[in-house]
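So the number in the numbering used here is just where the residue sits in the sequence shown, counting from 1, plus 286.
Only one structure is covered here, and it is reproduced in the block below.
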Amino acid sequence: MLELFDICIEFEVNGVHHFLNGNNTNDNATCKITISKTTRGRRVLVKLIPKTVIKIVRTSLTFKHQVKTDSKLFFNGYQSWTDSQELSVSDKMPALKTWIKPIVTKYQFDKYGDSVIRTFSNKRSEFHGFTYCYIKDKDQLQLLGSIDERSGFTIFEYFHPLSTWIISKDNQDLLIDQSTTMFDVVYLEGLEQDVFDDYFSLMNIQPRIDNLSIGWTSWYYHYQNISESVVLSNLKSFIDLPQSIDIFQVDDGYQQAIGDWLLVDNEKFPSGMKTIAEKIHQAGVKAGIWLAPFVCVKESHIYKNHMDWLKKDNQGNLLMGGSNWGGFYVLDMEQEAVLDYLKHVFDVVINDWGYDMVKLDFLYAACMVPTKTKTRGQLMAEAMDFLRTCVGDKLILGCGVPLASAFGKVDYCRIGCDVGLDWNDKFYMKWFHRERISTYHAINNTIGRSHLNKRAFLNDPDVFILRDESVSLTTTQKKTLATVNKLFGNLLFTSDDLTRYSQDMTTMFHWMMNKEEPIILSKICVRKGVYEVIVQCKQDIQTYIINTSSKTIMYKDGHIQVKPFDCVIVEEA
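Structural data, given as structure tokens:
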């Protein structure tokens with residue numbers, strides 16, 4: 287791949303369209319292409335050098351490459367919550383259907399994912415993704431990846447019936463007057479581990495060596511119905527455990543309104559959030575707290591008193607970021623007043639209240655609307671740089687973020703959607719957006735994006751749930767969720783009340799708390815949602831068959847049956 291390709295850069299000067307193809311020049315701009323070899327492939331750098339102010343209309347790099355019918359394909363989804371798993375060439379990626387769009391628009395479901403960028407195919411055997419993708423044949427990978435997403439998110443598309451690949455840049459209508467990177471992409475081939483090691487090395491991102499972390503978060507049991515007594519009673523249940531947890535996190539619900547992070551609900555937390563952090567520290571545990579720094583709701587002090595801080599869409603209306611909390615609005619990160627406010631928030635949360643980790647959510651909001659001179663990729667990169675500066679050497683758990691923007695910038699990152707209290711949400715939710723709550727998608731993302739763990743950041747697969755109360759997950763589904771998180775995650779959170787565990791739940795919980803990390807020797811996608819995973823634990827080698835599908839599968843020539851949603855160990859040595 288990337289041996290022969292066609293490049294097209296379309297731009298506009300004073301309303302007149304111009305085209306550049308390859309290493310050539312016109313009166314307004316020059317296109318320069320550099321191709322270099324890497325250890326496992328090649329790197330293509332395309333720069334556009336304008337001679338005047340130009341407006342980008344379209345940039346694309348096209349080539350032919352036929353994928354074999356028994357190969358697997360992976361296309362990275364737009365942000366943390368976007369479903370991302372290995373597929374076959376005959377599979378169909380989800381996309382918004384025309385008839386559902388009025389409902390999607392009305393309830394802001396279209397704001398979470400890539401539909402804010404463009405409309406993609408809704409046809410079988412046509413695929414798209416962001417930042418990187420790969421073809422997998424047994425243990426061999428062919429990876430296409432972008433090194434530079436600050437200049438605009440890179441979109442990879444494959445049309446199997448035509449054997450056609452298109453790489454494009456999310457930079458439409460961008461005004462440039464200086465040398466600008468259009469593409470910086472690599473093609474790498476080899477074993478999965480070697481290919482991804484090389485990919486992140488080329489981005490100058492150092493691997494992580496951090497150990498597995500265990501923790502508790504308030505959200506998936508109590509949601510916004512938290513209080514000082516709820517938090518401290520759960521903390522107490524962890525104090526007498528044989529092995530201490532690492533992080534105890536207070537999630538959404540402590541603040542008076544979304545956006546007003548320093549205005550604590552005094553009825554719920556009469557002693558304040560600083561006292562909560564002190565109590566957590568007294569238990570010998572790091573204190574974590576949740577914020578969604580780039581958004582606010584109508585009920586907030588920010589909305590009522592600083593409406594001028596809010597971002598507007600291209601029609602001049604206040605930009606909404608989604609439907610959560612009845613709908614929420616987006617702060618304009620280009621305004622100094624907004625940056626100063628957030629600097630103050632983080633200073634208080636970290637230096638006064640004393641929290642060791644901030645879970646930062648709904649981060650995609652920072653880049654929903656590009657400006658004339660900045661792409662979504664640049665806006666998101668600058669927002670992540672800003673957060674890292676504010677937080678300093680404290681821990682960041684990123685969530686709801688375009689993943690490339692989080693590479694090397696956060697300590698932990700969610701790599702899947704929210705786990706649900708049932709398996710796959712209401713049946714009709716699949717029509718609305720790819721970032722919906724779904725235990726099924728969360729598990730598949732945990733496996734699908736496992737290659738990012740300890741390379742881009744430490745993977746957070748979201749919570750495991752063992753309890754019986756207030757959940758519709760079966761015992762089998764809960765076991766599969768916990769097992770996949772244990773095998774592939776590096777941050778293992780639960781929200782359960784340990785005092786209500788049965789003996790079987792307690793046994794499973796202590797297995798999850800065991801800090802010895804399994805070594806993944808092999809991971810094969812048998813077919814969509816079905817995996818064979820060979821794992822080394824101490825001196826033992828175990829083979830897991832993980833079946834997230836709704837059908838019973840037969841393994842080892844039909845000798846072993848794996849039921850729907852189940853995860854079984856089929857052999858031990």
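Built from N, CA and C at the ideal position, the CB exists for glycine as well.
Where residue i and residue j are concerned, what is the direct C-alpha to C-alpha distance, given to the nearest angstrom?
{"i": "residue 756", "j": "residue 394", "result": "28 Å"}
{"i": "residue 762", "j": "residue 852", "result": "6 Å"}
{"i": "residue 708", "j": "residue 840", "result": "25 Å"}
{"i": "residue 440", "j": "residue 417", "result": "5 Å"}
{"i": "residue 297", "j": "residue 468", "result": "12 Å"}
{"i": "residue 843", "j": "residue 778", "result": "35 Å"}
{"i": "residue 680", "j": "residue 301", "result": "49 Å"}
{"i": "residue 867", "j": "residue 551", "result": "In the structure as shown, the chain starts at 287 and stops at 859, and residue 867 therefore has no counterpart that could be examined."}
{"i": "residue 292", "j": "residue 392", "result": "40 Å"}
{"i": "residue 859", "j": "residue 423", "result": "The pLDDT assigned to residue 859 is 45, lower than 50, so where the model puts this residue is not dependable, and the model offers no usable value."}
{"i": "residue 741", "j": "residue 488", "result": "12 Å"}
{"i": "residue 407", "j": "residue 380", "result": "9 Å"}
{"i": "residue 688", "j": "residue 571", "result": "30 Å"}
{"i": "residue 239", "j": "residue 704", "result": "Residue 239 lies beyond the stretch modelled for the chain, which goes from 287 to 859, so this question has no answer here."}
{"i": "residue 767", "j": "residue 750", "result": "6 Å"}
{"i": "residue 287", "j": "residue 470", "result": "15 Å"}
{"i": "residue 722", "j": "residue 401", "result": "14 Å"}
{"i": "residue 815", "j": "residue 420", "result": "17 Å"}
{"i": "residue 346", "j": "residue 442", "result": "10 Å"}
{"i": "residue 817", "j": "residue 830", "result": "8 Å"}
{"i": "residue 716", "j": "residue 800", "result": "36 Å"}
{"i": "residue 553", "j": "residue 483", "result": "50 Å"}
{"i": "residue 332", "j": "residue 462", "result": "15 Å"}
Of the choices the options, whose alpha-carbon is the least far from that of residue i?
{"i": "residue 314", "options": "330, 651, 323, 340", "result": "340"}
{"i": "residue 518", "options": "539, 508, 400, 565", "result": "565"}
{"i": "residue 743", "options": "491, 470, 370, 372", "result": "491"}
{"i": "residue 791", "options": "671, 754, 436", "result": "754"}
{"i": "residue 481", "options": "738, 712, 817", "result": "738"}
{"i": "residue 772", "options": "334, 748, 319, 782", "result": "748"}
{"i": "residue 229", "options": "545, 514, 816, 844", "result": "Residue 229 is absent from the structure shown; the chain starts at 287 and stops at 859."}
{"i": "residue 609", "options": "710, 719, 712, 646", "result": "719"}
{"i": "residue 348", "options": "621, 696, 444", "result": "444"}
{"i": "residue 805", "options": "776, 793, 795", "result": "776"}
{"i": "residue 631", "options": "593, 694, 600, 541", "result": "541"}
{"i": "residue 374", "options": "357, 834, 365", "result": "357"}
{"i": "residue 434", "options": "855, 410, 691", "result": "691"}
{"i": "residue 289", "options": "676, 478, 614, 322", "result": "322"}
Exposed or buried, what is residue i when buried is set at 16 or more other beta-carbons lying within 10 Å of its beta-carbon?
{"i": "residue 465", "result": "exposed"}
{"i": "residue 788", "result": "exposed"}
{"i": "residue 604", "result": "exposed"}
{"i": "residue 797", "result": "exposed"}
{"i": "residue 807", "result": "exposed"}
{"i": "residue 350", "result": "exposed"}
{"i": "residue 354", "result": "exposed"}
{"i": "residue 362", "result": "buried"}
{"i": "residue 506", "result": "buried"}
{"i": "residue 295", "result": "buried"}
{"i": "residue 437", "result": "buried"}
{"i": "residue 626", "result": "exposed"}
{"i": "residue 326", "result": "buried"}
{"i": "residue 669", "result": "buried"}
{"i": "residue 493", "result": "exposed"}
{"i": "residue 385", "result": "exposed"}
{"i": "residue 562", "result": "buried"}
{"i": "residue 682", "result": "buried"}
{"i": "residue 495", "result": "exposed"}
{"i": "residue 372", "result": "buried"}
Our contact map puts residue i next to residue j with C-beta atoms below 8 Å; I'd like the distance itself, whole angstroms only.
{"i": "residue 370", "j": "residue 734", "result": "5 Å"}
{"i": "residue 645", "j": "residue 574", "result": "6 Å"}
{"i": "residue 312", "j": "residue 319", "result": "Going by Cβ atoms, the distance from residue 312 to residue 319 rounds to 15 Å, so no, they are not a contact pair."}
{"i": "residue 359", "j": "residue 413", "result": "6 Å"}
{"i": "residue 521", "j": "residue 569", "result": "6 Å"}
{"i": "residue 546", "j": "residue 499", "result": "The pair is not a contact, with the Cβ atoms about 29 Å apart (cut-off 8 Å)."}
{"i": "residue 473", "j": "residue 430", "result": "6 Å"}
{"i": "residue 342", "j": "residue 458", "result": "6 Å"}
{"i": "residue 686", "j": "residue 649", "result": "5 Å"}
{"i": "residue 666", "j": "residue 676", "result": "About 16 Å separates the two Cβ atoms, so there is no contact after all."}
Could you tell me which uninterrupted beta strand (DSSP E) segments, each at least 3 residues in length, are contained entirely in the region 782-841, listed from first to last along the chain? Here the runs fully enclosed are 805-813, 816-823, 826-833, 839-841.
Jot down the residue ranges of each uninterrupted alpha helix (DSSP H) in the region 638-684, minimum 4 residues, whole runs only, in chain order. Qualifying alpha helix (DSSP H) stretches, in chain order: 662-677.
Pick out the complete alpha helix (DSSP H) segments inside the region 727-793, 4 residues or longer, and give them in chain order. 761-774
Beta strand (DSSP E) segments (min. 3 residues) lying fully within the region 499-577: 499-503, 533-536, 572-577
To test your reading of the DSSP string, which unbroken beta strand (DSSP E) runs of 3 or more residues are found completely within the region 376-455? Correct list: 412-416, 418-423, 426-432, 440-445, 450-455.
Completely contained alpha helix (DSSP H) runs for the region 583-619, where each covers 4 or more residues: List check, alpha helix (DSSP H) in window: 587-591.
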